[in-house]
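These notes are about the structure you will find just below.
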Amino acid sequence: MTPFLLQITTELTPDSTTALAEGAKATSENTVSLIDLALAGGWAMIPLLLLSLAAVYIFVERYLTLKKASQNPAGFNDRIKSMVLSGDVNGAKMLCAQTNTPISRMIGKGLTRIGHPLKNIETSIENQGKIEISRLERYLSGLATIAGAAPMLGFLGTVTGMIEAFIAIAQAEGTVSPKLLSSGIYQAMVTTAAGLIIGLPAYVAYNYLVSKIDNIVHAMEYTSIEFLDLLQEPQL
Numbered sequence: 013m014t015p016f017l018l019q020i021t022t023e024l025t026p027d028s029t030t031a032l033a034e035g036a037k038a039t040s041e042n043t044v045s046l047i048d049l050a051l052a053g054g055w056a057m058i059p060l061l062l063l064s065l066a067a068v069y070i071f072v073e074r075y076l077t078l079k080k081a082s083q084n085p086a087g088f089n090d091r092i093k094s095m096v097l098s099g100d101v102n103g104a105k106m107l108c109a110q111t112n113t114p115i116s117r118m119i120g121k122g123l124t125r126i127g128h129p130l131k132n133i134e135t136s137i138e139n140q141g142k143i144e145i146s147r148l149e150r151y152l153s154g155l156a157t158i159a160g161a162a163p164m165l166g167f168l169g170t171v172t173g174m175i176e177a178f179i180a181i182a183q184a185e186g187t188v189s190p191k192l193l194s195s196g197i198y199q200a201m202v203t204t205a206a207g208l209i210i211g212l213p214a215y216v217a218y219n220y221l222v223s224k225i226d227n228i229v230h231a232m233e234y235t236s237i238e239f240l241d242l243l244q245e246p247q248l
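Here it is in structure tokens:
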């Protein structure tokens with residue numbers, strides 16, 4: 013092994029070493045950074061950047077909100093049931109106020125209507141549930157819009173970039189160099205890639221948040237049905 017390494021070392025003459033260094037330098041010079049690509053995208057990259065920031069903000073804000081909304085304390089339903097059956101309605105109201113989740117606010121709304129007909133209690137719970145669902149779905153339409161608008165905006169940037177490239181080709185005198193054509197095309201395609209990079213994660217994030225909301229709504233419906241059944245047991 014050692015004679016073989018020595019042979020390779022002796023074969024690396026100063027000229028070959030210089031050629032390797034120049035090749036590495038040329039490769040590094042031809043490498044395009046992400047910042048250069050973003051700057052090459054033109055005006056369309058500015059709204060795409062704003063859309064990406066908005067998508068990240070909406071996802072993080074909604075994720076934290078939904079995570080908090082889904083954390084109903086263990087034994088909450090059992091404690092409410094025990095208090096209602098024992099006639100401690102005020103204690104149940106206080107427990108709902110301290111919990112502060114969509115489910116607790118729905119149950120708390122129903123507790124304030126105890127003494128009224130069951131239909132009125134059910135209606136008040138349903139109305140509160142609609143309010144809670146509206147709060148959970150806040151900003152989701154914006155995220156869905158970003159998921160659809162970002163790729164379209166990227167395509168728009170590509171079209172305008174291609175138009176500019178062909179205008180430059182038409183205005184060029186003599187033979188059109190391949191460099192002029194290729195540079196114009198790759199700059200125009202940058203916006204398409206950026207739009208897809210923003211739109212696809214936004215689409216996945218939107219569906220993920222929708223699935224979490226569906227789980228919370230299912231829990232709300234199940235708890236409200238249990239609460240209405242509970243009110244038919246005792247003579248309140």
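Residue numbering for the sequence shown follows the working numbering, beginning at 13 and increasing consecutively.
Backbone N, C-alpha and C define an ideal beta-carbon position, used for all residues, glycine too.
Just so you know, these numbers come straight off a predicted model, no measurement behind them.
**Report entry** Buried/exposed call for S236, threshold 16 Cβ in 10 Å
**Finding:** buried
Query raised in the report: L123: buried (16+ other C-beta within 10 angstroms of its C-beta) or exposed?
Result: buried
Query raised in the report: How about the segment 157-173 and the segment 78-95: do they share at least three Cβ pairs that are nearer than 8 Å?
Result: no
Query - the segment 66-77 / the segment 95-114 touching (three or more Cβ pairs under 8 Å) - result: no
Query raised in the report: Candidates L148, G160 and G103: which alpha carbon is nearest K224's?
Result: Nearest option by C-alpha distance: L148.
**Report entry** Given M11 as reference, the closest of L152, V202 and N112 once Cα atoms are compared
**Finding:** Not covered by the structure: residue 11. The range shown for the chain is 13 to 248.
Query - CA-to-CA distance, I58 to T135, given in whole angstroms - result: 48 Å
Query raised in the report: Across which residues does DSSP place I126 in a beta bridge pair?
Result: H128
Report task. Tell me where the alpha helix (DSSP H) around E176 begins and ends. Result -> L152 to Q183
Report task. For L221, I'd like the list of residues in its chain whose CB is within less than 8 Å of its CB, leaving aside the five on either flank, ordered along the chain. Result -> F71, R74, Y75, L78, L152 and L155
Requested in this report: With a 10 Å radius around its C-beta and 16 neighbouring C-beta atoms as the bar for buried, classify A36 as buried or exposed.
Outcome: Caution is warranted here: a pLDDT of 41 is assigned to A36, below 50, making its placement in the model unreliable, and the coordinate value is therefore given only provisionally. In this structure A36 is exposed. Its beta-carbon is surrounded by fewer than 16 other beta-carbon atoms within 10 angstroms.
Report task. Ignore the nearest five residues each way along the sequence and tell me which others in N84's own chain have a CB closer than 6 Å to its CB. Result -> Contacts found: T113 and I115.
Query raised in the report: Under the rule that 16 or more other beta-carbon atoms within 10 Å means buried, what is T39, buried or exposed?
Result: Summary for T39: the model assigns pLDDT 41, below 50, so the residue's position carries little reliability; its value from the coordinates is reported in the next sentence. Its Cβ having fewer than 16 others within 10 Å, T39 is exposed.
Requested in this report: My understanding is that I228 touches A81, with C-beta atoms under 8 Å, so please give their C-beta distance in whole angstroms.
Outcome: Yes, I228 and A81 are in contact; Cβ-Cβ is about 6 Å, under 8 Å.
Query raised in the report: Using the rule of at least 16 other Cβ atoms within 10 Å of the residue's Cβ for burial, across every protein chain shown, is K5 buried or exposed?
Result: Limits of the chain in this structure are 13 at one end and 248 at the other, which puts residue 5 out of reach.
Query raised in the report: Straight-line CA distance for M164 to L61?
Result: 14 Å
Query raised in the report: For Q140 versus R125, is the C-beta spacing smaller than 8 Å?
Result: no
Query - Between the CA atoms of I133 and G160 - distance to the nearest angstrom - result: 41 Å
Query raised in the report: Going straight from the alpha carbon of K142 to that of Y198, what length do you get?
Result: Taking the straight line from one Cα to the other gives about 49 Å.
Report task. Report buried or exposed for L107, applying the criterion of at least 16 other Cβ atoms within 10 angstroms of its Cβ. Result -> buried
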